[in-house]
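According to my numbering, the residues represented by the sequence shown are 1 to 158, in order.
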Amino acid sequence: AVNAGTLSVSSVGLLFTYAAFIGFILQLPVLKAVENWTSGFVILAANLILVGAFGSLAISSGLPFLVLALTGAVFADMLSGPLTQTIATELAPAKARATYIAAFSAAGDLKDAAGPALGTTLYALASRLPWLVGIPLAIGAGAFLALVARRHEARTKA
């Protein structure tokens, strides 16, 4: 956004403050609204929202698209964030639960560290490349995780 001339450095800070604010204000109401959804459906919804956010950034780096993308990313995180530990806990055998949770945490740390570095590298090649690569990654990861969640839900119901 700064390179594209859309926002100043301080405006980027305001945009992230906006994201933190809506995440703080809306996290509990969003979780309450989806509490009866299956895990698989929540995962699919979160990933569709994330794909939409990436798509809006691939279309334009204008302010409305930045706000739309960041709002979508926050909503996707509100939906999927709490599920991560739940899925790790539910899928893990009792004796290996701590190992599964540690692996999920390490994967999240890796994503948080490698994601920006990879995105910056892709952005250096082409400004829309991070989003164009992110869309199929989000679709694939979301579909796989939703499938795992649905299989687990089917096994626990049986």
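Glycine included, each C-beta is placed from N, C-alpha and C at the ideal position.
Cβ-Cβ separation between I135 and G55: approximately 6 Å, consistent with a contact (criterion under 8 Å). DSSP places S10 inside the alpha helix (DSSP H), whose first and last residues are V9 to A33.
The alpha-carbon separation between Q85 and F104 amounts to approximately 7 Å. Counted as a single uninterrupted DSSP element, the alpha helix (DSSP H) harbouring A46 occupies residues S39 to I59.
Going by DSSP, A103 is part of the alpha helix (DSSP H) stretching over R97 to L125. By the 16-neighbour rule on beta-carbons within 10 angstroms, N36 is exposed. Your pair A76 and L50 checks out as a contact, with CB atoms roughly 4 Å apart and the cut at 8 Å. Taking a cut-off of 8 Å for Cβ pairs, the segment 57-71 and the segment 89-104 do not touch, as fewer than three such pairs fall below it. Between V74 and G13, the C-beta gap is not smaller than 8 Å, which leaves the two residues out of contact. Going by C-alpha positions, A143 is about 14 Å away from H152.
Using a Cβ distance threshold of 8 Å, A46 and L79 count as a contacting pair. For P130, the secondary structure class from DSSP, reduced to helix, strand or coil, is helix. P136 sits in a helix when the DSSP states are folded into three classes.
Rounded to whole angstroms, S8 and L63 show a C-alpha spacing of 11 Å.
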